[in-house]
Amino acid sequence: MAEPLGEPPATPAPDDVAQEAARIRPAADVVAERLFARAAQATGDAKAVLETTAAMAADPALLAQAEKLVADRSLPAARAVHQAAAGFITALEAAGGYLAERVRDVQDVRDRLVAELLGVPAPGVPELTSPSVLVARDLAPADTAGLDPAQVLALVTEEGGPTSHTAILARSLGIPAVVACRGVLALEAGALLVDGDTGAVEVSDGTVLAAHLAGKVEWNGVGVLRDGHRVKVLGNVGSPADAVAAAAAGAEGVGLFRTEFCFLSSTREPTVEEQRAAYAAVLAPFAGKPVVVRTLDAGADKPLAFLEPDPEPNPALGVRGLRVAFDRPDVLDRQLEAIALAARDSGAEVSVMAPMVATAAEAAWFVERARGAGVERAGVMVEIPAAALVAREILQVVDFVSLGTNDLAQYVFAADRQVGAVAALNDPWQPALLRLVKLVGDAGTELGKPVGVCGEAASDPLLACVLTGLGVTSLSMNHTALAGVGAKLASTSFDLCQLAARGALSAADPAAAKLAARAPH
Numbered sequence: 039m040a041e042p043l044g045e046p047p048a049t050p051a052p053d054d055v056a057q058e059a060a061r062i063r064p065a066a067d068v069v070a071e072r073l074f075a076r077a078a079q080a081t082g083d084a085k086a087v088l089e090t091t092a093a094m095a096a097d098p099a100l101l102a103q104a105e106k107l108v109a110d111r112s113l114p115a116a117r118a119v120h121q122a123a124a125g126f127i128t129a130l131e132a133a134g135g136y137l138a139e140r141v142r143d144v145q146d147v148r149d150r151l152v153a154e155l156l157g158v159p160a161p162g163v164p165e166l167t168s169p170s171v172l173v174a175r176d177l178a179p180a181d182t183a184g185l186d187p188a189q190v191l192a193l194v195t196e197e198g199g200p201t202s203h204t205a206i207l208a209r210s211l212g213i214p215a216v217v218a219c220r221g222v223l224a225l226e227a228g229a230l231l232v233d234g235d236t237g238a239v240e241v242s243d244g245t246v247l248a249a250h251l252a253g254k255v256e257w258n259g260v261g262v263l264r265d266g267h268r269v270k271v272l273g274n275v276g277s278p279a280d281a282v283a284a285a286a287a288g289a290e291g292v293g294l295f296r297t298e299f300c301f302l303s304s305t306r307e308p309t310v311e312e313q314r315a316a317y318a319a320v321l322a323p324f325a326g327k328p329v330v331v332r333t334l335d336a337g338a339d340k341p342l343a344f345l346e347p348d349p350e351p352n353p354a355l356g357v358r359g360l361r362v363a364f365d366r367p368d369v370l371d372r373q374l375e376a377i378a379l380a381a382r383d384s385g386a387e388v389s390v391m392a393p394m395v396a397t398a399a400e401a402a403w404f405v406e407r408a409r410g411a412g413v414e415r416a417g418v419m420v421e422i423p424a425a426a427l428v429a430r431e432i433l434q435v436v437d438f439v440s441l442g443t444n445d446l447a448q449y450v451f452a453a454d455r456q457v458g459a460v461a462a463l464n465d466p467w468q469p470a471l472l473r474l475v476k477l478v479g480d481a482g483t484e485l486g487k488p489v490g491v492c493g494e495a496a497s498d499p500l501l502a503c504v505l506t507g508l509g510v511t512s513l514s515m516n517h518t519a520l521a522g523v524g525a526k527l528a529s530t531s532f533d534l535c536q537l538a539a540r541g542a543l544s545a546a547d548p549a550a551a552k553l554a555a556r557a558p559h
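For the sequence shown, the working numbering begins at 39 and goes up steadily by one.
Right, dumping it as structure tokens:
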């Protein structure tokens, strides 16, 4: 794959700076229109990423800064766009955490705008003439969203992290992905053997590669171990298309319904009736089945203009998730009202849960508001280490909890999940992370309360067995992982899952944890 575009030259200076500055917005319109057109053909996470990138391409602040650089410094339009984007990138990198994850998106938009202004092709995925393994330094989320699973057998990147947007999007498309694979670009072109479950990339013969990538897993659609132990296998959804796909793949319900789609594309708060209709469309395929709806997870990488957030030095540790509702309880109350109405409309068995909860007092506050709005079953996400440490106290005031392992790992290890240099710390097989999961699982078992996992860890079949052994009662994942996880669970017993869990907990590192978990299986 081609490298990103370099910085355009600062000379020659334009003869007419006003005319040069006037080139920027039409170029941005072209780029945004192309991305919106691609979004119209996509669904689920891919659609959301493409729409976000399209909106970023037309960002008035970015374009105004570029126009100012043309006027003030007599820069060519392409160089001005590059420099304007550099300012945004520096600010995002300094913020760290979730905002730093957007750096790759800004770089992608920058390169598309610069290419349009220079009249050259934008860097991106080359057109494949035969099914191939795609190897790149990194891949913009918008490019990942447009990959054709029939042509891209697997994706390997030198940079990135295992829970980055690029990795998650690849998985949502059913494409095996290995990221932060140092040295892969130094390999000579040829056949590769890629194991998306273990992260192994080996030079291999092409026929062996095809054999390893072929084959479908059969599963009867019920999450049950061979000894009858029950573990619900649920879907993660964020749009009506996601819900249809999850239902078609056999999901027993939904463990995570992300509601941000209803807010991110709006410049104002959607009305109760608008939210009601949007939620009902997602709930409809699961009439009579359990659906856990996560309330608005705004802030950090999902800022909403109508909430008028104050600038924060570290948004990932600031006002996000339920903390937004403490300042604006009216927004939460209207959303809860809409969820209750949508549940009645759809016939789904709806529960709600709040993101970014740190204490039992916060959990109790949310449960009271949920029940006051007519949603009787309420729980919280466990994605802050403090919540895992007081899981017993939290479970005494809620009906259930769900572990968000992506964020929990990031906060446990103080490791930005987008930075390849620290990607190994965010491995869901980390024994320290698994020990926190055990704390929560033990509390749930003691109190007879359900404990779910809705992070990417749930989509690893072997890790799903370990999580089950740690006391997890439901696993929620992208629809492409449902059959593999369901089939793996059906092939094992609860005793073996507990044995695998004990081995993983006592391991020294993620690799040893995997080996220990494989031994009983």
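Every residue, glycine too, gets a C-beta built ideally from N, C-alpha and C.
Residue from the options whose Cα sits closest to the Cα of residue i
i: Ala183; options: Ala99, Ala84, Leu223; result: Ala84
i: Leu433; options: Glu350, Arg358, Met515, Phe404; result: Phe404
i: Leu101; options: Glu89, Val119, Glu400; result: Val119
i: Leu472; options: Pro488, Val510, Val439, Phe438; result: Val510
i: Glu290; options: Leu520, Ala59, Ala56, Asp533; result: Leu520
i: Leu427; options: Leu474, Met391, Glu400, Leu463; result: Leu474
i: Gly273; options: Arg264, Gly259, Glu307; result: Gly259
i: Ala65; options: Pro52, Gly486, Ala160; result: Ala160
i: Val55; options: Arg63, Asp110, Asp498; result: Asp110
i: Lys270; options: Arg63, Gly522, Leu513, Leu230; result: Leu513
Beta-carbon contacts of residue i that lie in its chain and below 7 Å, excluding the five residues immediately before and after
i: Leu207; result: Asp83, Ala84, Val87, Pro179, Thr182, Ala183
i: Gly385; result: Ala325, Gly326
i: Arg61; result: Ala115, Leu155
i: Phe295; result: Val275, Val320, Val329, Val330, Val331, Arg332
i: Ala70; result: Ala92, Ala95, Ala96
i: Val435; result: Ala398, Ala401, Ala402, Val405
i: Arg556; result: Leu500
i: Ala363; result: Val369, Leu370
i: Gly77; result: Note on residue identity: the sequence assigns Ala, not Gly, to residue 77. Lys85, Leu88, Glu89, Ala92, listed in sequence order.
i: Glu58; result: Pro52, Val108, Pro114, Ala115
Pair within 7 Å by beta-carbon distance, residue i and residue j
i: Ala453; j: Val460; result: yes
i: Ile377; j: Val450; result: no
i: Gln448; j: Pro548; result: no
i: Ala429; j: Leu477; result: yes
i: Val190; j: Val173; result: no
i: Val413; j: Leu441; result: no
i: Met515; j: Ala496; result: yes
i: Leu345; j: Phe301; result: no
i: Cys535; j: Cys503; result: yes
i: Ala92; j: Leu73; result: yes
i: Ala205; j: Ala218; result: no
i: Ala381; j: Val388; result: yes
i: Pro323; j: Ala279; result: no
i: Gly507; j: Gly293; result: no
i: Val232; j: Val239; result: yes
i: Ala104; j: Ala122; result: yes
Contacting residues, own chain, Cβ-Cβ under 6 Å from residue i (five flanking each side not counted)
i: Asp445; result: Glu421
i: Ile127; result: Val141, Val144
i: Ala551; result: Trp467, Pro469, Ala542, Ala545
i: Thr49; result: none
i: Glu350; result: Gly356
i: Thr245; result: Low confidence applies to Thr245: its pLDDT is 37, below 50, so where it sits in the model is not reliable enough to give any reading.
i: Ala252; result: Annotation note: pLDDT 37 at Ala252 (below 50); position unreliable, coordinate value reported separately. Closer than 6 Å at Cβ, skipping near neighbours: no residue.
i: Gly359; result: Asp335, Pro393, Met394
i: Glu375; result: Val310, Ala411
i: Ala316; result: Cys300
i: Gly417; result: Met391, Val436, Asp437, Phe438, Val439
i: Glu45; result: His120
Interface flag, residue i vs chain B, CB-CB below 7 Å
i: Cys503; result: Given the protein chain composition of this structure (a single chain), no chain B is represented.
Where the beta strand (DSSP E) containing residue i begins and where it ends
i: Gly293; result: 292–296
i: Glu387; result: 387–392
i: Asn444; result: First-last for Asn444: 443–451, but that is the alpha helix (DSSP H), not the beta strand (DSSP E).
Closer than 6 Å: residue i CB and nearest the ligand FMN heavy atom
i: Pro469; result: With respect to small molecules bound, the structure shown includes none, and the ligand FMN cannot be examined in it.
Cut-off 8 Å between Cβ atoms - residues of its own chain near residue i, not counting five sequence neighbours on either side
i: Pro367; result: Arg407
i: Asp383; result: Arg314, Ala318, Leu321
i: Ser531; result: Leu263, Arg264, Asp265, His267
N-terminal and C-terminal residue of the alpha helix (DSSP H) that residue i is part of
i: Leu172; result: From DSSP, Leu172 is part of no alpha helix (DSSP H) but of the beta strand (DSSP E) over 170–174.
i: Leu166; result: It is not in any alpha helix (DSSP H) - Leu166 carries neither H nor E in the DSSP assignment.
i: Pro278; result: 278–286
i: Pro328; result: Unbroken run through Pro328 is the beta strand (DSSP E), 328–332; no alpha helix (DSSP H).
i: Ala416; result: It is not in any alpha helix (DSSP H) - Ala416 instead sits in the beta strand (DSSP E) that spans 416–420.
Quick test of the definition: if touching needs 3 or more C-beta pairs under 8 Å, does the stretch 150–161 touch the stretch 110–125?
yes
Between the stretch 285–303 and the stretch 526–544, do at least 3 Cβ pairs fall closer than 8 Å?
no
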